[in-house]
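Report on the following structure.
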């Protein structure tokens, strides 16, 4: 069964900490995405990557960075966590050619205290 | 923003009834997709309809697309308690490499 795996389901971090959220897919997908989901705001794109070592900013990249050193792994980094980054983080992957859906991970609920 | 908007925000029906959710969007698209999200989990892809299609079926799901009105609807027939979830539409702007999601419709199916 094809999968997108996010390393943690729940995380609690302190303000100012550097936080790493990991995402791994086993489908050989070219594209990978990081979204955050907040009540009333839906899913908002943080960053995406269409190839190894490539990255593109989404709608809300401020306070975040990403790393894609291998095709199957896409990491989201919160350089200095703040309480307004408390959210559900969702990783997804897809093929490059259009007409296919995204495969999502189960999500990481991050709380910054 | 290219974000779609679902309507209604919340819907509560009895098991066995049909559920209809609507999605409106703002820009031209290549395709429109519907996803389901169970509480606290990731999204699951349900169905994709291309811009040159008007209707598509998958099991108990029926999706329609009206590109002239920039709208789509998702019909779930003979609903079950297990259909309780949030449903999102997602659109790709033509030339865009990523999807734009709406804020979702929360469906509750009462046994």
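Protein chains in written order, with our numbering: chain D, 1 to 113; chain H, 1001 to 1111. The beta carbon of each residue, even a glycine, is placed where N, CA and C say it ideally should be.
Mind checking whether residue i and residue j have CB atoms under 8 Å apart?
i	j	result
residue 1032/H	residue 1058/H	no
residue 980/H	residue 1088/H	An answer regarding residue 980/H cannot be provided, because it is not within the stretch 1001 to 1111 covered by chain H.
residue 1046/H	residue 1062/H	no
residue 1050/H	residue 1022/H	no
residue 1093/H	residue 42/D	no
residue 76/D	residue 46/D	yes
residue 15/D	residue 94/D	no
residue 1016/H	residue 1090/H	no
residue 1080/H	residue 1109/H	yes
residue 58/D	residue 1048/H	no
Using the beta-carbon of each residue, which ones in chain H are nearer than 9 Å to residue i?
i	result
residue 106/D	1040, 1041, 1042
residue 33/D	1098, 1099
residue 45/D	1098, 1099, 1100, 1101
Go through its chain and collect everything with a Cβ distance to residue i's Cβ below 8 Å, but skip five positions before and after it.
i	result
residue 50/D	30, 31, 56, 96
residue 1054/H	1064, 1065, 1066
residue 141/D	Because residue 141/D is not part of the residues shown, which for chain D are 1 to 113, the question remains open.
residue 1098/H	1092
residue 11/D	19, 21, 108, 109, 110, 111
residue 54/D	68
residue 52/D	68, 69, 70, 71
Taking residue i as the query, report the chain D residues whose CB atoms sit under 8 Å from its CB, ordered along the chain.
i	result
residue 1103/H	40, 41, 42
Can you list, in chain order, the residues of its chain whose CB lies under 6 Å from that of residue i, leaving out five sequence neighbours each side?
i	result
residue 942/H	The requested residue 942/H is not part of the displayed model; chain H covers only 1001 to 1111.
residue 1106/H	1010, 1086
residue 25/D	4, 72, 93
residue 17/D	81
residue 33/D	48, 92
residue 1040/H	none
residue 7/D	22
residue 1012/H	1108
List, in order along the chain, the chain H residues whose C-beta lies closer than 8 Å to that of residue i?
i	result
residue 20/D	What residue 20/D touches in chain H: nothing, since even the nearest Cβ is about 19 Å away.
Could you check if residue i is buried or exposed, using at least 16 other CB atoms within 10 Å of its CB as the buried criterion?
i	result
residue 20/D	exposed
residue 1082/H	exposed
residue 37/D	buried
residue 1042/H	buried
residue 1014/H	exposed
residue 105/D	buried
residue 957/H	This structure gives no information on residue 957/H, because the portion of chain H shown stretches from 1001 to 1111.
When you compare the CB of residue i with every CB in chain C, is at least one pair closer than 8 Å?
i	result
residue 1017/H	Chain labels in this structure do not include chain C; the protein chains are D and H.
Looking only at its chain, what residues have a beta carbon closer than 7 Å to the beta carbon of residue i, apart from the 5 residues adjacent to it on each side?
i	result
residue 1008/H	1105
Exercise for review: Compile a chain-ordered list of the residues in the stretch 1013-1038 of chain H whose CB is closer than 8 Å to at least one CB of chain D.
Suggested key: 1030, 1031, 1033, 1035
**Study point:** Proximal residues, the stretch 1043-1057 of chain H versus chain D, C-beta separation under 9 Å
**Key:** 1043, 1044, 1045, 1046, 1047, 1048, 1050
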